[in-house]
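Reviewing the structure listed below.
Residue numbers (the working numbering): 1 to 264.
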């Protein structure tokens with residue numbers, strides 16, 4: 001674990017520069033530029049809210065207003081969007097950076113750090129938008145807002161670990177990239193993105209908790225919308241699993257990276 005963070009700290013300048021370049025390249029040449037970073041989640045929120053509240057008449061377990069449902073839904077979409085961004089990019093991470101793979105001195109593990117951190121920028125903007133919408137809808141914020149880093153940290157660790165696993169496996173098994181879209185859709189619809197855990201049938205609640213997104217989604221809603229502390233027991237379990245996946249993913253990546261250049 002020390003080596004994992006030591007490598008990131010040693011190459012922090014490189015990671016920072018490549019994160020900035022990655023974010024800039026994403027919107028380079030577009031008419032609206034960085035505005036898309038806010039417009040995309042806003043459009044998605046509007047579409048889902050319209051469909052679920054006006055057409056399906058869906059209501060959230062903690063409130064019956066469309067505003068409450070929209071905010072709760074947005075929390076879920078932010079969490080899923082972060083994982084979707086990282087895991088959809090990870091299969092091509094090494095094949096699209098062959099020039100780095102061929103360089104003996106380039107720290108390949110930093111590519112996953114760059115992917116997770118650049119996608120965190122989109123998460124940050126979405127959270128700012130969520131907080132502004134909450135204030136406009138009279139929901140407000142409370143001291144639990146400052147617990148936000150503790151809520152997101154386990155998911156950050158999990159995404160690093162999964163990113164290292166997926167990036168390395170995709171070098172040898174190209175089918176992973178084709179499978180990832182279906183897998184991410186499955187994760188979305190087996191999480192609590194569209195409904196509260198309390199309203200789910202008793203028989204599937206335990207199943208929903210095995211989804212790595214559920215606890216983070218509900219914890220984010222707790223601290224930002226419901227103004228209460230998250231379930232620390234569930235969050236602690238998630239953190240232990242996530243940091244274990246991160247460590248194992250890092251170890252796996254470093255054990256398999258010797259063959260990347262030969263395959264690519």
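Ideal Cβ placement from N, Cα and C applies to all residues, glycine included.
Of the residues the options, the one placed nearest residue i, counting alpha carbons only
i	options	result
residue 118	53, 37, 250	37
residue 177	41, 86, 77	86
residue 143	227, 238, 206	227
residue 149	54, 49, 46, 229	229
residue 152	105, 259, 235	235
residue 238	155, 107, 60, 75	155
residue 190	202, 79, 174, 209	209
residue 264	140, 50, 91	91
residue 77	188, 180, 163	188
residue 26	121, 73, 107	121
residue 259	200, 201, 195, 168	168
Segment limits, alpha helix (DSSP H) that includes residue i
i	result
residue 114	110-136
residue 154	148-172
residue 10	2-10
residue 99	98-101
residue 219	214-224
residue 204	202-209
residue 260	260-263
Three-state secondary structure assigned by DSSP to residue i
i	result
residue 64	Its pLDDT being 46, under 50, residue 64 is placed unreliably in this model, and the value from its coordinates should be taken loosely. In the structure shown, residue 64 sits in coil (DSSP, three-state: anything other than H, G, I, E or B).
residue 40	helix
residue 26	helix
residue 229	coil
residue 14	helix
residue 190	coil
residue 139	coil
residue 106	coil
residue 88	helix
residue 195	coil
residue 54	helix
residue 83	helix
residue 94	coil
residue 257	helix
residue 72	helix
Nearest-angstrom Cα separation, counted from residue j out to residue i
i	j	result
residue 64	residue 261	Because the pLDDT at residue 64 is just 46, under 50, the model does not fix this residue reliably, and the point stays unresolved.
residue 136	residue 70	13 Å
residue 102	residue 110	15 Å
residue 2	residue 240	16 Å
residue 265	residue 216	No answer is possible for residue 265: the residues shown for the chain start at 1 and end at 264.
residue 8	residue 15	8 Å
residue 39	residue 220	21 Å
residue 248	residue 254	10 Å
residue 99	residue 5	24 Å
residue 88	residue 20	20 Å
residue 127	residue 45	13 Å
residue 59	residue 139	17 Å
Integer Cβ distance of residue i from residue j, believed to fall under 8 Å
i	j	result
residue 94	residue 171	5 Å
residue 245	residue 158	6 Å
residue 82	residue 165	Contact doesn't hold; Cβ gap of about 17 Å is too wide.
residue 114	residue 43	Going by Cβ atoms, the distance from residue 114 to residue 43 rounds to 26 Å, so no, they are not a contact pair.
residue 224	residue 134	7 Å
Beta carbon proximity, residue i to chain C, threshold 8 Å
i	result
residue 189	Protein chains in the displayed structure number just one, and chain C is not present.
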